[in-house]
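Here's the structure we're looking at; comments come further down.
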Amino acid sequence: MRSDSNPFSSTKHKHFFVKFAVSLLLIGLSFRLFVSDSISFSSVGETPAIEQATNTESPEANALSIEDKEPGSTDFAVNGSQIQFSNDSAPNRTQILETGECDLFIGDWIPDPSGPFYTNRSCLAIEGHQNCMKNGRPDTGYLYWRWNPVGCDLPRFNPKKFLDLMRNKSWAFIGDSISRNHVQSLLCILSQVEQADEMYHDKEYRSKIWHFPAHNFTLSVIWTPFLIKADVFDDMNGVSSSEVQLHLDVLDHKWTNEYRNFDYAVIAGGKWFLKTALYHENDSVTGCHHCPGKNLTELGFDHAYRKALRLIFDFITGSDHSSFIFFRTTTPDHFENGEWFSGGSCNRTVPSKEGEIDMRDVDITMRNIELEEFEKAAELGSGKGRF
30 MRSDSNPFSS
40 TKHKHFFVKF
50 AVSLLLIGLS
60 FRLFVSDSIS
70 FSSVGETPAI
80 EQATNTESPE
90 ANALSIEDKE
100 PGSTDFAVNG
110 SQIQFSNDSA
120 PNRTQILETG
130 ECDLFIGDWI
140 PDPSGPFYTN
150 RSCLAIEGHQ
160 NCMKNGRPDT
170 GYLYWRWNPV
180 GCDLPRFNPK
190 KFLDLMRNKS
200 WAFIGDSISR
210 NHVQSLLCIL
220 SQVEQADEMY
230 HDKEYRSKIW
240 HFPAHNFTLS
250 VIWTPFLIKA
260 DVFDDMNGVS
270 SSEVQLHLDV
280 LDHKWTNEYR
290 NFDYAVIAGG
300 KWFLKTALYH
310 ENDSVTGCHH
320 CPGKNLTELG
330 FDHAYRKALR
340 LIFDFITGSD
350 HSSFIFFRTT
360 TPDHFENGEW
370 FSGGSCNRTV
380 PSKEGEIDMR
390 DVDITMRNIE
400 LEEFEKAAEL
410 GSGKGRF
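Following the numbering used here, the numbering of the sequence shown begins with 30 at its first residue and continues without gaps.
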């Protein structure tokens with residue numbers, strides 16, 4: 030059944046390697062924590078790619094047919110030590126090798142002849158404009174890679190095990206299009222065990238709810254790219270007709286009103302804060318980001334992003350709802366020669382090596398803000414016995 034009424038109470042070319050890997054890592058991380066009965070926080074960071082320890086030529090030539098592969102059956106297992114992350118991948122790698130600790134975000138992309146869980150022909154959840162094969166991409170070698178973390182045993186994801194663990198539970202991905210892509214990837218994998226029923230979609234098909242009846246598992250995606258109240262004047266292609274009106278002191282009720290319904294949630298934002306915006310607080314315009322000619326104080330995206338994260342974390346730590354929250358840090362650029370909304374391209378066929386791509390200043394700034402504000406929230410939550 031589909032409904033155009035909105036249960037969320039308020040009022041649809043990403044890089045395959047980054048998003049598919051993060052999707053699986055987020056799911057895998059949760060397995061360690063299903064026994065927890067209290068609110069917990071996990072920061073899911075994305076570190077720069079490490080130089081390949083193996084040949085970076087596409088393994089496509091030696092691969093088996095991707096249409097004939099069966100889903101993996103190995104249970105997920107990771108080292109029981111606390112996951113750490115850092116801005117500097119090289120010292121992390123050395124420390125991991127010396128201590129034997131496991132960090133899922135330090136490692137290498139290695140060829141994987143077993144191929145992906147699904148393709149455009151085996152999963153209907155891939156949207157038309159993102160269907161690389163159907164739209165004429167000639168190569169398939171980009172499908173034959175997997176992430177190999179240092180010091181960790183990371184077998185293939187087990188969809189049956191996941192659904193069994195998710196029985197009578199709910200999971201939400203809250204954020205922008207990357208969150209939506211994570212949901213689509215998860216649906217494609219879980220469909221090999223059970224087909225989900227779509228229970229709801231909003232008018233623009235950006236927020237959706239699915240239900241897996243045999244497991245009574247509910248999966249949601251909530252479109253809220255800023256996570257706070259925002260008036261956005263973009264078309265479906267991301268082209269803006271006016272500045273974003275961003276309210277720095279009001280959360281987006283599309284996710285906060287539904288928060289108590291979720292056992293697990295992945296919350297993320299970031300990139301949309303780089304768009305031209307006017308900032309509001311206490312119903313007054315206080316400044317802007319990139320608004321020449323407006324006679325307003327240039328506060329910068331970092332000012333808005335920090336305030337937004339504080340508001341989000343305060344809401345979570347102040348809630349009496351027991352849940353486990355993953356905070357996914359912003360993605361580094363995966364478009365080249367432009368942004369996703371300004372003609373950038375995504376033409377790579379193999380993962381980048383260390384040193385090939387430098388993080389931009391804005392990405393470093395956003396990541397530092399995320400780590401700083403997360404640490405403050407973690408300390409507050411720890412004092413309440415929730416972290």
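Glycine included, each C-beta is placed from N, C-alpha and C at the ideal position.
None of the values given here were measured: they were computed from a predicted structure.
May I ask which residues mark the beginning and end of the beta strand (DSSP E) holding residue i?
i      : result
Trp174 : Trp174 to Pro178
Phe246 : Phe246 to Trp252
Asp226 : Asp226 to His230
Glu310 : Ala306 to Glu310
Phe146 : That residue, Phe146, is in no beta strand (DSSP E); it is neither H nor E in DSSP.
His240 : Lys237 to Phe241
CB-CB under 8 Å to residue i, same chain, minus the five flanking residues each way: which ones, in chain order?
i      : result
Leu280 : Leu256, Ile257, Lys258, Leu340, Ile341 and Phe344
Thr305 : Ser269, Glu272, Val273, Cys317, His318, His319 and Cys320
Gly367 : Gly373 and Ser374
Asp292 : Lys198, Ser199, Trp200, Ser352 and Phe353
Gly136 : Ile79, Trp176, Asn177, Pro178, Val179 and Cys181
Asp141 : Pro88, Tyr173, Trp174 and Arg175
Taking the continuous alpha helix (DSSP H) assigned at residue i, which residues delimit it?
i      : result
His363 : Counting along the chain, His363 falls outside any alpha helix (DSSP H), and DSSP gives it neither H nor E.
Trp284 : His282 to Thr285
Ile135 : Neither: Ile135 is in no alpha helix (DSSP H) and is coded neither H nor E.
Sorted by chain position, which residues of the same chain lie with C-beta nearer than 7 Å to residue i's C-beta, five sequence neighbours on each side aside?
i      : result
Leu409 : Thr346
Asn245 : Arg196 and Asn197
Val261 : Val273
Leu192 : Leu219, Val222, Glu223, Phe241, His244 and Phe246
Thr285 : Phe344
Quick check: the Cα distance between residue i and residue j, rounded to an integer number of angstroms?
i      : j      : result
Leu338 : Glu399 : 8 Å
Ser351 : Ala297 : 19 Å
Trp301 : Pro254 : 6 Å
Tyr334 : Gly170 : 37 Å
Phe355 : Leu307 : 29 Å
Gly165 : His158 : 11 Å
Pro188 : Leu215 : 9 Å
Asn311 : Leu277 : 9 Å
Ser208 : Thr359 : 11 Å
Leu183 : Met228 : 33 Å
Cys181 : Leu133 : 7 Å
Asn290 : Lys336 : 25 Å
Asp349 : His332 : 28 Å
Val295 : Tyr288 : 11 Å
Asp263 : Lys405 : 34 Å
Glu327 : Glu156 : 38 Å
Thr315 : Cys131 : 44 Å
His282 : Ser371 : 30 Å
Gly299 : Arg357 : 10 Å
Phe403 : Ser313 : 28 Å
In chain order, what residues of the same chain have a beta carbon less than 6 Å from the beta carbon of residue i, not counting five sequence neighbours either side?
i      : result
Lys237 : His230 and Val250
Cys217 : Tyr147, Cys152 and Ala154
Val212 : Phe202 and Val250
Pro361 : Met388 and Asp392
Trp252 : Arg235 and Ser236
Thr247 : Ser199 and His240
Glu401 : none
Met162 : Asn149
Phe330 : Phe302, Leu303 and His318
Thr394 : Asp331
Ser206 : none
His309 : His276
Under the criterion of a Cβ to heavy atom distance below 7 Å, does residue i qualify as lining the ligand NAD?
i      : result
Ser199 : Although the ligand NAD was asked about, the structure shown includes no ligands whatsoever.
Three CB pairs or more closer than 8 Å across the stretch 320-330 and the stretch 380-390: no
The stretch 216-234 in contact with the stretch 196-207 per 3-pair CB rule at 8 Å: no
Length-filtered (4 minimum) alpha helix (DSSP H) runs lying within the stretch 183-217: 188-194
Any alpha helix (DSSP H) of 4 or more consecutive residues that is wholly inside the stretch 314-393: 330-347
Continuous alpha helix (DSSP H) assignments of at least 4 residues falling wholly in the stretch 256-300: 282-285
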